[in-house]
Amino acid sequence: MITVLLFLITPVLLLLFFRSTRENNEKRSSIKEKLESAAANEFLPRTKKEFQWFILLSITAGICEELLFRGFLIWYFESLTNTLIAAVLSSILFGLAHSYQGVTGIFRSGLMGIILALILVWTDSLLILIFLHIAGDVYNGVIGWLGYGEFKNPTLKNS
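Read in this note's numbering, the sequence shown has 86 at position 85, and its numbers run on one by one without any break.
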C-alpha cells in the first residue's frame, strides 16, 4: 500500500516542483549558484535529451544499487553479524561508492544508506527502496536541469 501511494504521489510532487520553478528565473539562478559549488555537478543534465537519459540512468541506479547495497550486502553481512552492523557496513560501502561526489557526497550518501536500511528493516520491502532511490535521483536530475537548462517556452521543446 505504501509503495502504491509513493508511486502515485511522487511524480505529481516532482512535476509541481518543476513547473513552479522552471519559469522563476530567481529560483533557477539560486539553484544554479548552489550547483556550481557542488561536486559531481558535471553529471547533471543540461538539456531535455540529457534529462531523458538521466531518467533511465536513475532507474538503473535505483534498481541495481538497492539490490546490491540493501538487498545482497545487508543479507550477506547479517550472516556474519547482526542487522544493525550489517546496515551500517552496507551504508558505509554505499557512501564510498559515491566518492565521485566528493567527501560531502560520501557522507550524504552514507546517511541516505542508513535511512534506506532503516526503511528496509521497517517495511521489509526492497521495492519501496528502489522507488525512493529512483525518485531521489530523478529529483536531482530535475534540479540540475532547472539550474542549467534553457527553457524558451512552457512546452519545453528545446534540447
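Cβ atoms here follow ideal geometry from the backbone N, Cα and C, with glycine treated the same way.
Check: Given that a residue counts as buried once 16 or more other Cβ atoms are within 10 Å of its Cβ, and exposed if not, what is Ser110?
Finding: buried
Check: Residues in its own chain within less than 7 Å of Ser160 by CB, not counting five upstream and five downstream?
Finding: Because the pLDDT of Ser160 is 45, which lies under 50, any placement of that residue in the model is unreliable, and the number read from its coordinates should be weighed accordingly. Within the same chain, Ser160 has close Cβ partners Thr48, Lys49 and Lys50.
Next item on the list: Please name the residue in Val139, Ile144, Gly150 and Gly148 whose C-alpha comes closest to that of Phe55.
Entry: Val139
Note to self: Tell me which residue opens and which closes the alpha helix (DSSP H) that Arg29 is part of.
What the structure shows: Asn26 to Glu37
Note to self: So, with DSSP's three-state summary, where would you put Gly150?
What the structure shows: coil
Next item on the list: Using only alpha-carbon positions, find the residue among Ala40, Ile129, Leu69 and Glu67 that is nearest to Phe108.
Entry: Ala40
Next item on the list: Under 6 Å Cβ to Cβ from Asn42, same chain only, skipping five residues before and after it: list those, please.
Entry: Leu36
Check: DSSP state of Ser80, grouped into three classes?
Finding: coil
Checklist line | Closest Cα partner of Gly72 within the set Val122, Arg29, Leu112 and Gly103 | finding: Val122
Item checked: Selected residue, minimal CA-CA separation from Val143, among Asn26, Leu45, Lys28 and Asn25 -> Leu45
Margin query: For a quick check, are the C-beta atoms of Ala118 and Ile86 less than 8 Å apart?
Written below: no
Checklist line | Backbone CA spacing between Trp146 and Ala136 [nearest angstrom] | finding: 15 Å
Notebook entry, point to check: Exposed or buried, which one is Leu9 when buried takes at least 16 other CB atoms within 10 Å?
Noted result: exposed
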